[in-house]
Every structure is written in structure tokens, then in C-alpha cells.
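Its first residue numbered 1, the sequence shown is counted upward by one per residue in UniProt numbering. In this text, a Cβ means the ideal position worked out from N, Cα and C, and glycines have one as well. Quantities reported herein were computed from a predicted structural model and do not represent experimental measurements. Below is one structure, written out as C-alpha cells, with a few remarks after it.
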Amino acid sequence: MKFFHTADVHLGAEPDRGFPWSRDRSRELWESFRNVIRQAGAEHADLFLIAGDLFHRQPLVRELKEVNALFASIPDTRIVLMAGNHDPMKQNSAYRNFPWAKNVSWFWEPIPETLEFPELGVSVTGLSYDRKEIREPLYDRIRAGGRQPCKILLAHGGDDRHIPFSKERLLGAGFDYIALGHIHKPQELVRDKMLYPGALEPIDKNDTGVHGYIRGENRDGLLTARFRPAAGREYKRLRVPVTADTTQFLLEQTIRQKIREQGEQHFYCLTLEGRKDPGTEFLLEPLYGLGNIREILDQTSPAYAIPQLQKKYQGTLLELFISSFPEEGRTQEEEKALDYGISALLEAGEESL
């Protein structure tokens with residue numbers, strides 16, 4: 001029995017709204033989902049699990065038609081879904097009255113139930129969110145049900161506001177595989193047993209690293225599950241070193257080179273760090289045009305020549321302030337405080353010194 005396990009597809013989301021690539025990202029979420037459905041069909045997957053948040057919000061009927069057509073395109077694969085915290089199964093949800101394809105099965109209520117698939121030898125237990133937050137540890141009380149030899153739990157949550165659970169209790173609940181959703185980064189809590197595939201595509205700047213889905217197989221009672229990368233783009237965090245010799249031009253050259261090396265298709269959060277010339281002020285706005293840059297943090301500090309300052313301002317408040325710090329072995333916090341203090345006193349002008 002072969003299965004695919006996805007979660008947190010977030011169809012309908014517009015990642016990084018307001019940035020030039022945002023509309024492309026909305027289309028790419030759909031395209032990635034189409035691709036994984038095609039792959040499931042190509043590999044003749046028996047079961048396709050979606051552990052919540054197929055949509056980023058309540059879906060429209062026209063969107064459900066698109067999704068249902070994808071499901072119907074792999075009629076020999078059983079599709080099992082639950083609603084997550086972003087697309088909860090409300091009483092007026094379009095999910096409820098939609099005429100789903102014959103191979104699609106839903107968990108309709110916030111109460112655990114078990115679906116039987118005797119032709120696959122699999123029972124799948126799960127529930128759906130009916131609201132955006134469920135703080136009760138519903139999964140801690142759940143136990144493997146069904147009459148089939150392979151028992152799977154489909155679950156969405158894991159933090160304080162979204163069905164918190166105990167890993168140890170879930171492991172003791174009798175399931176052969178626990179298909180998790182809600183956490184956007186892939187995580188293997190227990191090898192071949194309890195996995196988050198992460199979001200199929202990265203949704204925001206915190207979704208760093210590779211993204212994809214889980215491909216699993218149950219062969220003669222031995223279940224294996226492995227993560228497969230699928231997303232074509234990533235959010236990456238880059239640290240850009242700065243020295244007293246770094247100018248705006250050299251900074252831009254460094255950033256361009258780093259982006260070329262890492263891949264121009266990706267999205268970047270940059271952190272400028274190091275000690276710059278005290279007279280240098282970097283212009284951050286032009287840097288956003290160097291690539292798909294989502295965020296820039298300037299954590300540089302001035303490279304003050306402390307002995308020269310002490311000599312120049314001998315007998316002033318500035319010298320007294322500098323002398324209050326140890327000459328060597330200053331902590332990072334002390335270095336920051338010293339830099340901020342020197343900057344503030346110099347900006348205040350010589351009259352205040």
C-alpha cells in the first residue's frame with residue numbers, strides 16, 4: 001500500500017502581499033498541488049492524506065470544483081481530508097454541500113471517527129476543526145480504531161491554541177502511522193511513524209528551508225515514510241558581513257554575488273552584520289531591487305577607534321563614559337551599549353561633552 005501525506009497547502013493564500021512576486025506565488029501554490037496530485041497518479045498511490053489547511057481560508061465553490069477535478073483525475077487513489085484551523089468545517093462551509101468525487105472521503109465533525117478502507121487494509125482516524133482555535137488536547141484521548149491491520153491517524157495541531165498533544169501519548173495510542181499537519185517546516189518526530197510534511201510550499205518568511213510532502217509505503221506490515229522535496233523556491237536567511245571598508249557599492253556587489261550563489265529564484269531575508277566606518281550609512285531601499293528580497297535587518301555598528309576618541313575627548317563626558325567599560329573582554333551587550341552611548345554623545349555635539 002503506497003500513500004502520499006501532505007498538509008498546509010494553503011490554496012488561496014497570497015504570500016508576501018505587496019511584493020512583486022506575490023501573484024506568482026498564489027499561482028505556484030496551485031501548481032505545486034497539481035504536481036503532487038499528478039505524481040500520486042503516476043506512482044499509482046493507493047491513499048492520499050491531507051492533514052488540514054488545504055485552503056488558507058473558507059474556499060469558494062469554483063475553487064472546490066478545481067480541487068475536485070484534480071482528485072477525480074486519480075480515481076484509483078483514495079483521498080482522505082480534514083479541515084484545519086485556517087479552513088474550519090463551519091456549518092455553512094462550502095465543503096459540506098459540495099458533490100465530491102467518489103474517491104474522496106472527509107472527516108466532517110470535530111469528533112474523532114474512523115474510516116475503513118478494507119480494499120487497502122487501512123483504517124484512518126481523524127476529525128475536522130469547526131473553528132480557528134481548539135485548545136483542548138483532543139488527540140491525547142484518541143485510540144486507534146477500525147478493523148484493518150494498518151491504522152493511521154490524520155491530525156492537525158501541536159501548539160497551545162491548536163490541539164496540543166503529547167508525543168508519548170500519541171505513540172501509545174496504537175497507530176501505525178500518524179500523519180501530522182499545522183507546523184510548516186518538515187519534522188520527523190519519530191522515524192517512519194510520526195511526521196509533519198510541512199507546508200507543501202513556503203507561505204511566509206519564517207518558512208525557511210526545503211518544502212514538500214511525505215511518500216510512504218506499507219509492505220507486509222513494515223511501514224516506511226520519507227520526505228520528498230517538491231517546492232521550487234525557498235525562503236533563505238543570509239548574513240552579509242560588513243567591515244570598515246564596506247561601501248554601498250561593495251555591499252550591493254556582495255549581496256548580488258550571494259544571491260547568484262544561492263539561487264535567484266529564492267526569497268531572501270538579509271542581515272547586515274559587522275562593524276562599519278562610523279561615517280557610513282547604508283541605504284537599504286535600493287538593496288530590495290537586487291533580487292527577491294523580503295526583509296533587510298541592519299545590525300551593523302560603528303567601528304569606533306576607541307583610543308583615539310579617548311585622546312581627542314580627554315577630560316570630557318565621552319572619555320568618562322568610555323572608561324566605564326572594560327578595555328578588553330567586553331561582552332556583546334557591553335559592546336552594543338558602548339557603541340550606542342558613543343553615537344548618542346557624538347550626535348549631541350561637543351557642547352554637551
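In the structure shown, E273 falls within a strand segment according to DSSP collapsed to helix, strand and coil. T6 has its alpha-carbon roughly 15 Å from the corresponding atom of H86. Under the three-state reduction of DSSP output, F175 falls in the coil class, being neither helix nor strand.
Only residues of its own chain outside the window of five on either side were considered, and among them L223, T224 and A225 have a CB closer than 7 Å to the CB of D192, listed in chain order. Its Cα nearest to that of W106, the residue F71 stands out among L120, F71, R135 and E273.
Between L11 and L64 the beta-carbon gap is near 10 Å, outside 8 Å, which marks them as no contact. DSSP, reduced to helix, strand and coil, places P307 within a helical segment of the structure shown.
Annotation: G274 to Q299 spans about 7 Å, alpha carbon to alpha carbon.
The C-alpha of L170 is placed about 31 Å away from the C-alpha of G41. Here E234 is not near G198, since their CB atoms are 8 Å or more apart. Counted as a single uninterrupted DSSP element, the stretch harbouring R233 is not any alpha helix (DSSP H), since DSSP gives it neither H nor E.
Straight through space, the alpha carbons of I306 and L284 are spaced by roughly 27 Å.
Along the stretch 31-67, the beta strand (DSSP E) occurs as fully enclosed runs of 3 or more residues at 47-51, listed in sequence order. Boundaries of the beta strand (DSSP E) harbouring S301: I293 to P302, taken from the DSSP string. Taking C-beta atoms under 8 Å as the contact rule, A155 and I134 fail to qualify, at a distance of about 11 Å. By the criterion of at least three beta-carbon pairs nearer than 8 Å, the stretch 100-115 is in contact with the stretch 142-156. Within its own chain, the residues whose Cβ lies closer than 8 Å to the Cβ of R34, once the five positions on either side in sequence are excluded, are L70, listed in chain order. Distance between W21 and P229, taken at the CA atoms: about 21 Å. DSSP places I342 inside the alpha helix (DSSP H), whose first and last residues are Q332 to A348. Straight-line spacing of the CA atoms in P164 and G52 works out to 15 Å. Linking R239 to Y313 through their CA atoms gives a straight-line distance of about 35 Å.
Under the DSSP assignment, Q248 falls in the alpha helix (DSSP H) whose first and last residues are Q248 to Q262. Note on geometry: alpha-carbon atoms of A101 and Y95 lie some 12 Å from one another.
If you draw a straight line from the Cα of E136 to the Cα of D204, it is about 27 Å long.
Within the stretch 98-176, the complete beta strand (DSSP E) runs of at least 3 residues fall at 104-106, 113-117, 122-126 and 150-156. Where L320 is concerned, the enclosing alpha helix (DSSP H) starts and stops at L317 to S323. When only Cα atoms are considered, L297 and R237 end up about 11 Å apart. With 16 or more neighbouring CB atoms inside 10 Å of its own CB, F117 falls in the buried class.
Residue environment for E201: buried (at least 16 other C-beta atoms within 10 angstroms of its C-beta). In this structure, the beta-carbon distance from L287 to I322 does not fall below 8 Å. Under the three-state reduction of DSSP, K90 is assigned to coil, being neither helix nor strand.
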